[in-house]
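Here the sequence shown stands for residues 47 to 935, where the numbers follow our numbering. Note that CB positions come from ideal geometry on N, CA and C, so glycine has one too. Just so we're clear, the structure is a prediction, and the values are computed from it rather than from any experiment.
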Amino acid sequence: MTREKEQNDNDPIETREWLDSINSVLETQGPERAHFLIEQVISRAREAGVNLPYKATTAYLNTITPEQEERIPGDPGMDWRIRAINRWNGMAMVVRANRITSELGGHIASFASSATLYDTGLNYFWHAPGATHGGDLIYFQGHAVPGIYARAFMEGRLSEDDLLMFRQEVDGGGLSSYPHPWLMPDFWQFPTVSMGLGPLKAIYQARFMKYLHNRGHIDMGDRKVWCFIGDGETDEPETLGAIGLATREKLDNLIFVINCNLQRLDGPVRGNAKIIQELEGEFHGAGWNVIKVIWGSLWDPLLARDTSGLLKKRMEECVDGEYQAFKAKGGAYTREHFFGKYPELKTLVAGMSDEDIWRLNRGGHDPHKVYAAYAAAVRHKGQPTVILAKTIKGYGMGEAGEGQNITHQQKKMGEDALKSFRDRFDIPISDEEISEAPFYRFPDDSPEAKYMAERRAALGGPLPARISEATPLEIPDLKAFDAQLKSTGEREVSTTMAFVRILNTLCRDKAIGKYVVPIVPDESRTFGMEGMFRQLGIYATEGQLYRPEDADQLMYYREDKKGQVLQEGINEAGAMASWIAASTAYSSHGVPMIPFFILYSMFGFQRVGDLAWAAGDMRARGFILGGTAGRTTLAGEGLQHQDGHSHILAGTVPNCVSYDPTFAYELAVIVQDGLRRMYAERESVYYYITIMNENYGHPDMPEDARDGILKGLYLFREAGGRAKKKRVQLMGSGTILREVIAAADLLEADFGVASDIWSAPSFNELAREGQDCLRWNRLHPEEKPKVSHVEQCLAGRSGPVIAATDYIKSYAEQIRALVPQAYLVLGTDGFGRSDTRKKLRKFFEVDRHFIAAAALKALADEGAVPASEVAKAINAFGIDADKPNPRRS
Ligand SMILES: Cc1ncc(C[n+]2csc(CCOP(=O)(O)OP(=O)(O)O)c2C)c(N)n1
Ligand SMILES: [Mg+2]
47 MTREKEQNDN
57 DPIETREWLD
67 SINSVLETQG
77 PERAHFLIEQ
87 VISRAREAGV
97 NLPYKATTAY
107 LNTITPEQEE
117 RIPGDPGMDW
127 RIRAINRWNG
137 MAMVVRANRI
147 TSELGGHIAS
157 FASSATLYDT
167 GLNYFWHAPG
177 ATHGGDLIYF
187 QGHAVPGIYA
197 RAFMEGRLSE
207 DDLLMFRQEV
217 DGGGLSSYPH
227 PWLMPDFWQF
237 PTVSMGLGPL
247 KAIYQARFMK
257 YLHNRGHIDM
267 GDRKVWCFIG
277 DGETDEPETL
287 GAIGLATREK
297 LDNLIFVINC
307 NLQRLDGPVR
317 GNAKIIQELE
327 GEFHGAGWNV
337 IKVIWGSLWD
347 PLLARDTSGL
357 LKKRMEECVD
367 GEYQAFKAKG
377 GAYTREHFFG
387 KYPELKTLVA
397 GMSDEDIWRL
407 NRGGHDPHKV
417 YAAYAAAVRH
427 KGQPTVILAK
437 TIKGYGMGEA
447 GEGQNITHQQ
457 KKMGEDALKS
467 FRDRFDIPIS
477 DEEISEAPFY
487 RFPDDSPEAK
497 YMAERRAALG
507 GPLPARISEA
517 TPLEIPDLKA
527 FDAQLKSTGE
537 REVSTTMAFV
547 RILNTLCRDK
557 AIGKYVVPIV
567 PDESRTFGME
577 GMFRQLGIYA
587 TEGQLYRPED
597 ADQLMYYRED
607 KKGQVLQEGI
617 NEAGAMASWI
627 AASTAYSSHG
637 VPMIPFFILY
647 SMFGFQRVGD
657 LAWAAGDMRA
667 RGFILGGTAG
677 RTTLAGEGLQ
687 HQDGHSHILA
697 GTVPNCVSYD
707 PTFAYELAVI
717 VQDGLRRMYA
727 ERESVYYYIT
737 IMNENYGHPD
747 MPEDARDGIL
757 KGLYLFREAG
767 GRAKKKRVQL
777 MGSGTILREV
787 IAAADLLEAD
797 FGVASDIWSA
807 PSFNELAREG
817 QDCLRWNRLH
827 PEEKPKVSHV
837 EQCLAGRSGP
847 VIAATDYIKS
857 YAEQIRALVP
867 QAYLVLGTDG
877 FGRSDTRKKL
887 RKFFEVDRHF
897 IAAAALKALA
907 DEGAVPASEV
917 AKAINAFGID
927 ADKPNPRRS
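Laid out in structure tokens, this is it:
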């Protein structure tokens with residue numbers, strides 16, 4: 047109804063009758079029946095063709111009414127004391143770290159606002175993994191970790207010394223600034239501090255849990271994924287970007303808890319509106335079960351007396367900027383500016399002191415409300431749940447930051463602030479000791495210590511906890527990939543086709559086939575993988591509810607509840623989140639899944655680089671395949687598709703091992719060894735391998751090449767015994783190695799230059815190993831120096847070294863310090879563009895002619911050929927020496 051029509055109610059008596067009816071239903075039969083009737087009325091009107099715009103928000107009230115609340119089964123008084131000490135210790139840890147030096151940083155205000163949200167989970171809901179329960183998976187908010195360490199300290203899992211080592215990790219044993227499994231592998235499971243990644247990963251984690259269940263790997267029972275999110279964090283597109291999937295997949299094993307403290311780092315999240323209402327609308331619209339926990343129990347009697355509805359109206363009309371100010375400025379201010387707006391409301395609180403008004407608590411700080419919300423969330427079926435809990439940022443910090451815009455960064459508390467914190471939470475620390483901000487632990491035989499131990503024992507043990515190891519797998523021998531180790535003869539295939547065959551072999555493998563998870567973001571046909579649809583099936587929670595259009599074809603689009611392929615749609619970030627869930631399933635579920643995520647290499651690391659970094663932190667194990675890779679190999683697709691730098695990006699992740707193979711046998715060797723390292727040896731590395739769509743013949747695997755392939759460099763073809771003077775060492779990777787081979791033939795035939803040809807499947811691995819040798823030598827000046835693989839290969843070889851790849855020059859440049867000879871690098875710097883491969887390789891100066899000309903120039907620089915010979919070649923090859931520089935074109 048428009049405002050105008052609303053005001054022109056032309057039949058107030060009829061309106062009154064309708065309202066009286068609903069009031070009577072509310073009174074006699076309760077809100078659920080009232081809801082049902084209203085829905086019926088609205089449906090009837092819609093059926094009759096009336097256009098009723100959808101309203102996704104409800105009143106600014108708690109979703110669960112006091113009568114519907116499930117009560118806390120434990121001892122709320124005990125919970126309060128434990129939580130108070132937890133708050134204190136979390137705060138003290140940050141304050142003390144910053145007394146060592148203010149360099150260390152840390153956050154007090156975030157946990158201060160979320161203590162009850164964590165406490166309630168730890169005391170009553172979250173199962174640790176064990177014999178009878180697979181464990182709930184909790185995504186802790188990054189900035190709340192001081193409180194989580196403090197609780198672990200109170201449970202005896204961490205010592206006082208540990209707390210004193212917050213953010214001091216270099217000498218070993220210090221506590222990580224945020225959740226980092228790389229640094230605390232027995233404690234943290236999920237890195238969340240890059241905001242937005244936690245919620246995205248949690249959604250796909252919950253989905254993958256169902257996948258594992260439906261495919262028979264686990265019995266998920268009532269396991270849940272809980273994800274804690276800041277209200278400011280919801281501005282990250284990743285946070286809300288996949289909430290639709292959670293509904294579609296009916297992820298009732300997923301619970302989001304959004305801590306709506308109304309503030310982010312700089313100030314209010316929505317000063318001019320209400321973040322809780324906005325989020326409610328978004329989650330409702332996406333089909334989630336939304337539970338708002340706005341008001342604490344102390345408001346209940348006031349709301350019960352609000353017969354005129356004026357209090358609810360006032361709650362509705364205030365914006366978050368005001369709500370924040372009420373808490374920052376205290377009871378008298380709230381009386382005047384909140385209640386004071388309407389005389390009736392002022393009267394409503396006339397009997398309350400300013401102190402009482404200030405104590406009117408927010409839902410997220412009320413354990414009863416939080417418990418009721420959690421209990422409802424875990425019971426809810428068929429939908430994911432989001433809990434929108436209203437809290438106060440910096441709760442308990444008083445003058446030092448409570449509700450203030452500066453609070454996020456506040457890490458220091460003076461003596462007065464410490465005292466008022468102590469008094470507010472009844473912390474048993476004397477005036478004499480207070481300035482030290484000492485930690486407090488309940489004595490072992492105290493009721494509190496026993497209670498904490500009992501609660502966690504009942505829930506299977508301590509949390510957070512990460513399991514490090516799953517059973518090793520029996521990896522197929524290299525012989526299993528025999529077809530790839532042999533020449534393709536006349537047949538021309540791409541490395542992508544070779545990869546698809548390797549994947550098929552793995553899926554059929556008796557020991558490991560069932561663990562393989564092919565993941566594709568709507569590119570299967572691009573990579574020639576559509577055969578897998580029918581053969582392995584596409585995972586779909588509901589199976590296939592329709593007869594596919596291509597059902598009469600051999601490779602039809604088959605969806606299946608037990609399907610193996612994860613078809614993620616056009617969604618690299620989501621697919622990557624799935625891959626992360628799968629690649630860490632060895633830890634989260636004790637099942638060593640082997641994910642192969644095949645993406646367009648251009649839309650890989652540069653698109654989802656932050657997730658790739660988090661995967662490293664999480665000790666992910668699995669394969670990422672960069673399809674249609676190489677700046678000049680993808681040809682027609684142009685600037686935004688042609689990848690010439692994904693290897694550089696992959697190289698920035700310390701435990702990502704990357705390769706750019708040319709031939710099928712190289713690929714087979716790399717994949718087989720990756721399986722060995724990750725699933726037999728259980729090394730925490732993951733693989734990035736580029737595969738191409740150019741078809742060509744593949745030779746037999748040269749003898750003894752395996753070791754060199756894995757190290758990143760091996761002699762592919764040695765020139766016959768030519769005069770030493772006119773000899774070069776040519777190097778290449780990926781499709782450009784074939785141009786290198788062609789250049790060698792040209793040099794031999796037209797210029798009498800002999801070339802030893804080196805295949806370099808990984809400049810990244812060569813550079814890493816070389817850097818390690820150089821480092822060791824630098825630090826051990828008196829010992830026999832280590833010799834890098836590059837040096838070992840090239841030692842004693844004559845002539846300059848020329849390297850060419852389909853990637854930017856810095857890729858092959860990385861080994862310069864290791865090359866004993868003169869070294870010249872060609873690469874594809876600059877923006878790509880559409881054209882044929884031949885033209886692109888000429889444009890980017892990586893074709894056989896440019897390689898041969900570069901080789902001659904390098905020989906000329908050494909005096910082995912005259913400069914005129916180079917000029918002659920440039921001319922003969924039809925190279926325009928003054929052509930535009932591709933790097934700047
Ligand atoms: C991707 C990313 N951008 C920026 C930051 C820096 N940052 C850390 S906390 C924070 C504010 C968090 O506000 P909110 O999500 O509301 O959490 P609260 O501390 O209020 O619970 C910001 C901007 C980050 N950690 N990650
Ligand atoms: Mg916030």
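Does ligand 2 have even one heavy atom less than 8 Å from the beta-carbon of Lys320? A distance criterion of 8 Å places the beta-carbon of Lys320 beyond contact range of ligand 2, judged by its closest non-hydrogen atom.
With DSSP run on the structure shown, which of helix, strand or coil describes Val654? helix
- request: Could you tell me which residues DSSP puts in a beta bridge with Lys436?
  value: Cys306
Worksheet item: When DSSP labels each residue in this structure, what does Gln114 get in the three-state scheme?
Response: helix
In the DSSP assignment, the beta strand (DSSP E) including Pro641 goes from what residue to what residue? Ile640 to Tyr646
Neighbourhood of Ala463 by C-beta distance below 8 Å, restricted to the same chain and skipping five residues each side
Met443, Gly444, Glu445 and Ala446
What does the alpha-carbon distance come out to for the pair Ser276 and Leu434?
Correcting the residue type first, residue 276 is Gly in the shown sequence and not Ser. Computed Cα separation, rounded: 10 Å.
*Look at the alpha carbon of Thr147 and the alpha carbon of Gln450, and state the distance between them as a whole number of angstroms.*
24 Å
task: Using only the heavy atoms of ligand 1, determine whether one of them is closer than 8 Å to the beta carbon of Ser156.
output: yes
Exercise. Using CA coordinates, which residue listed in Gly123, Leu72, Asp656 and Gly95 is at the minimum distance from Asp472?
Worked result: Gly123
Reducing DSSP to helix, strand and coil, say where Met137 ends up. helix
Q.
Using a 10 Å radius around the Cβ and a threshold of 16 neighbouring Cβ atoms, would you call Thr61 buried or exposed?
A. exposed
Sorted by chain position, which residues of the same chain lie with C-beta nearer than 6 Å to Phe669's C-beta, five sequence neighbours on each side aside? Phe642 and Tyr733
Helix, strand or coil: which one does DSSP assign to Thr285?
helix
Which one or two residues does DSSP pair with Asp802 in a beta bridge? Gln775
Beta carbon of Leu820, beta carbon of Ala863: below 9 Å? With respect to the 9 Å criterion, Leu820 and Ala863 are classified as neighbours on the basis of their beta carbons.
- Task: Go ahead and label Glu605 buried or exposed: buried means 16 or more other beta carbons lie within 10 angstroms of its beta carbon, across all protein chains shown.
- Result: buried
**OP:** Identify, in the order they occur along the chain, each residue of the same chain with its Cβ nearer than 8 Å to the Cβ of Phe385, setting aside the five sequence neighbours on each side.
**Re:** Arg360, Leu391, Lys392, Leu394, Val395 and Ile403
| request: Count the other CB atoms, across all protein chains shown, that sit within 10 Å of the CB of Lys608; report buried if there are 16 or more and exposed otherwise. | output: exposed
**Item:** Own chain, CB closer than 7 Å to Ile475, minus 5 neighbours either side, in chain order
**Value:** Arg468, Pro484 and Tyr486
- May I ask which residues mark the beginning and end of the beta strand (DSSP E) holding Ala849? Val847 to Ala850
In the DSSP assignment, what are the bridge partners of Arg763? Arg763 is bridged by DSSP to Ile803.
| field | Val339 and Ala421 closer than 9 Å at C-beta | value | no
Item checked: Simplified DSSP state of Tyr185, which is helix, strand or coil -> strand
query = Counting only runs that start and end within the stretch 725-766, where is the alpha helix (DSSP H) found for 4 or more residues in a row?
reply = Listed in chain order, the complete alpha helix (DSSP H) runs (minimum 4 residues) inside the stretch 725-766 are 752-757.
- Have a look at Pro827 and Gly151 and give me their C-alpha separation to the nearest angstrom. 38 Å
Check: With distances taken between CB atoms, is the gap from Arg773 to Asp802 smaller than 9 Å?
Finding: yes
- prompt: Near Asp689, which residues of its chain fall below 6 Å by C-beta distance, leaving aside the five closest residues on each side in sequence?
  reply: Cβ within range, chain order: Ser647, Met648 and Ala675.
- prompt: Using a threshold of 8 Å, is the CB atom of Gln309 nearer than that to any non-hydrogen atom of ligand 2?
  reply: Gln309 Cβ: within cutoff of ligand 2.
Endpoints, alpha helix (DSSP H) assigned at Trp404:
Boundaries of the alpha helix (DSSP H) around Trp404: Asp400 to Arg405.
Check your understanding: Where DSSP assigns a beta bridge to Asn335, which residues make up the other side?
Key -> Thr431
If Gly758 sits next to Ser808, beta carbons under 8 Å apart, how far is it from one beta carbon to the other, in whole angstroms? 4 Å
N- and C-terminal bounds of the beta strand (DSSP E) containing Ser634: Taken as a continuous stretch (DSSP letters only), Ser634 belongs to no beta strand (DSSP E), being part of the alpha helix (DSSP H) at Ala631 to Ser634.
Note to self: For the alpha helix (DSSP H) containing Tyr417, name the first residue and the last one.
What the structure shows: Pro413 to Arg425
Worksheet item: DSSP state of Cys702, grouped into three classes?
Response: strand
Assign Cys553 to one of three DSSP states: helix, strand, or coil. helix
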